[in-house]
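Those protein sequence lines, which keep their order, are chains W and L.
The opening position of the first sequence corresponds to residue 51 in my numbering, with each subsequent residue numbered one higher.
The opening position of the second sequence corresponds to residue 118 in my numbering, with each subsequent residue numbered one higher.
Here a beta-carbon is modelled for each residue, glycine too, at the ideal position from N, C-alpha and C.
What follows is one structure encoded as structure tokens, with my remarks underneath.
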Amino acid sequence: MKNTIKVERARNNMTQAELADKVKVSRQTINAIETGKFIPSTLLAFKIAHVLQVSIDAVFRLEDCDW
Amino acid sequence: MNTLLNVFSYSYRMNIIGIGCILWGFYSFFSKYWCYQLLDIQLISGLCCWGLIFIFFSKEKTDDERIHQLKFQALTWAVPVGFFITHLINYFLISPQEPDSGKLIQSLSAYESLGIILLLALALFYYLKQRD
Numbered sequence: 051m052k053n054t055i056k057v058e059r060a061r062n063n064m065t066q067a068e069l070a071d072k073v074k075v076s077r078q079t080i081n082a083i084e085t086g087k088f089i090p091s092t093l094l095a096f097k098i099a100h101v102l103q104v105s106i107d108a109v110f111r112l113e114d115c116d117w
Numbered sequence: 118m119n120t121l122l123n124v125f126s127y128s129y130r131m132n133i134i135g136i137g138c139i140l141w142g143f144y145s146f147f148s149k150y151w152c153y154q155l156l157d158i159q160l161i162s163g164l165c166c167w168g169l170i171f172i173f174f175s176k177e178k179t180d181d182e183r184i185h186q187l188k189f190q191a192l193t194w195a196v197p198v199g200f201f202i203t204h205l206i207n208y209f210l211i212s213p214q215e216p217d218s219g220k221l222i223q224s225l226s227a228y229e230s231l232g233i234i235l236l237l238a239l240a241l242f243y244y245l246k247q248r249d
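Quick look at the structure:
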């Protein structure tokens with residue numbers, strides 16, 4: 051699954067630590083999501099999208115290999 | 118999301134109780150050895166087991182879903198590997214050779230086996246946590 055968290059964070063002028071603090075996870079978790087090492091739950095994905103003020107499908111996108 | 122059976126419901130402070138249990142185990146073991154020259158493996162393994170349970174199953178400082186997944190991943194490896202190690206120790210080091218193999222049923226205790234599994238799980242969890 052691809053995501054555009056890094057881009058959206060930059061657009062919102064937000065660091066990983068700030069985003070992590072707002073969605074109540076560790077900075078390492080945000081980093082793992084950004085680098086594709088960890089796929090978040092639906093709940094966390096919605097929280098991230100909400101904090102970044104975009105829709106969830108604008109942040110997370112399925113890839114061909116996910117099917 | 119709070120449910121009655123929450124994952125890793127012990128608070129972070131239970132780590133201290135876990136470390137306390139392990140220290141208590143070592144203290145009791147050595148004091149018994151110095152006083153009575155007894156090597157009470159059951160005593161130390163039992164208390165270390167409790168300690169490791171509190172350490173592994175308590176929350177981390179920042180306890181999120183990635184931590185839960187890493188702990189689960191560590192457990193899924195540690196349980197079969199730990200069980201395999203227990204089995205190897207029993208088979209090669211403890212069980213009597215033929216023709217007495219059927220006579221005496223002796224093996225590592227549940228405390229020792231669980232201790233091996235939890236040690237593996239903890240080591241693997243911290244490795245996975247550092248790697249990511």
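Check: Looking at the structure shown, is residue 175 of chain L part of a helix, part of a strand, or coil, going by DSSP?
Finding: Locating residue 175 of chain L in the second sequence gives position 58, where the first residue counts as 1. Residue 175 of chain L: strand per DSSP, three-state reduction.
Next item on the list: Below 8 Å on the Cβ atoms is my guess for residue 176 of chain L versus residue 128 of chain L; work out the distance and round it to an integer in Å.
Entry: Taking the second sequence and counting its residues from 1, the one referred to as residue 176 of chain L is at position 59. Taking the second sequence and counting its residues from 1, the one referred to as residue 128 of chain L is at position 11. With 8 Å as the limit, residue 176 of chain L and residue 128 of chain L qualify as a contact, their Cβ atoms being about 6 Å apart.
Next item on the list: Classify residue 52 of chain W as helix, strand or coil using the three-state DSSP reduction.
Entry: For the purposes of this step, residue 52 of chain W is identified with residue 2 of the first sequence, where counting begins at 1. The answer is strand: DSSP assigns residue 52 of chain W an E or B state.
Next item on the list: Report all residues from its chain with a CB closer than 6 Å to the CB of residue 229 of chain L; omit the five preceding and five following residues, and keep chain order.
Entry: The residue given as residue 229 of chain L occupies position 112 in the second sequence. Closer than 6 Å at the Cβ level, and outside the excluded window around residue 229 of chain L, lie 162.
Next item on the list: Keeping to the same chain, check which residues put their C-beta closer than 6 Å to that of residue 172 of chain L; ignore five residues upstream and five downstream.
Entry: Indexing the second sequence from 1 puts residue 172 of chain L at position 55. Within the same chain, residue 172 of chain L has close Cβ partners 132 and 135.
Next item on the list: Would you mind sorting residue 65 of chain W into buried or exposed? The rule is 16 or more other CB atoms within 10 Å of its CB.
Entry: To locate residue 65 of chain W, count along the first sequence from 1; it is residue 15. The residue in question, residue 65 of chain W, is exposed, as its Cβ has fewer than 16 Cβ neighbours within 10 Å.
Next item on the list: Out of L/225, L/247, L/158 and L/248, state which residue places its alpha-carbon closest to the alpha-carbon of residue 209 of chain L.
Entry: Along the second sequence, read from residue 1 onward, the residue named residue 209 of chain L stands at position 92. Measuring from the Cα of residue 209 of chain L, the nearest candidate turns out to be L/225.
Note to self: Please identify the residue among L/187, L/182, L/140 and L/194 whose C-alpha is closest to the C-alpha of residue 165 of chain L.
What the structure shows: Position 48 of the second sequence, counted from the first residue, corresponds to residue 165 of chain L. Nearest option by C-alpha distance: L/140.
Checklist line | Per-residue DSSP class, three states only, for residue 153 of chain L | finding: Counting from one through the second sequence, the residue named residue 153 of chain L turns up at place 36. The answer is helix: DSSP assigns residue 153 of chain L an H, G or I state.
Next item on the list: Can you tell me which of W/115, W/104, W/112 and W/91 puts its alpha carbon nearest to the alpha carbon of residue 58 of chain W?
Entry: Indexing the first sequence from 1 puts residue 58 of chain W at position 8. Comparing Cα positions, the closest option is W/104.
Check: If you drop the 5 nearest sequence neighbours on each side, which residues of the same chain put their C-beta closer than 7 Å to that of residue 74 of chain W?
Finding: As a position in the first sequence, residue 74 of chain W is number 24, starting the count at 1. Closer than 7 Å at Cβ, skipping near neighbours: no residue.
Next item on the list: Have a look at residue 157 of chain L and residue 146 of chain L and give me their C-alpha separation to the nearest angstrom.
Entry: Against the second sequence, residue 157 of chain L aligns to sequence position 40. Against the second sequence, residue 146 of chain L aligns to sequence position 29. Residue 157 of chain L and residue 146 of chain L: Cα-Cα distance of roughly 6 Å.
Margin query: Rounded to whole angstroms, what is the Cα-Cα separation between residue 199 of chain L and residue 242 of chain L?
Written below: Here residue 199 of chain L refers to the residue found at position 82 of the second sequence. Here residue 242 of chain L refers to the residue found at position 125 of the second sequence. If I take the Cα positions, the gap works out to 14 Å.
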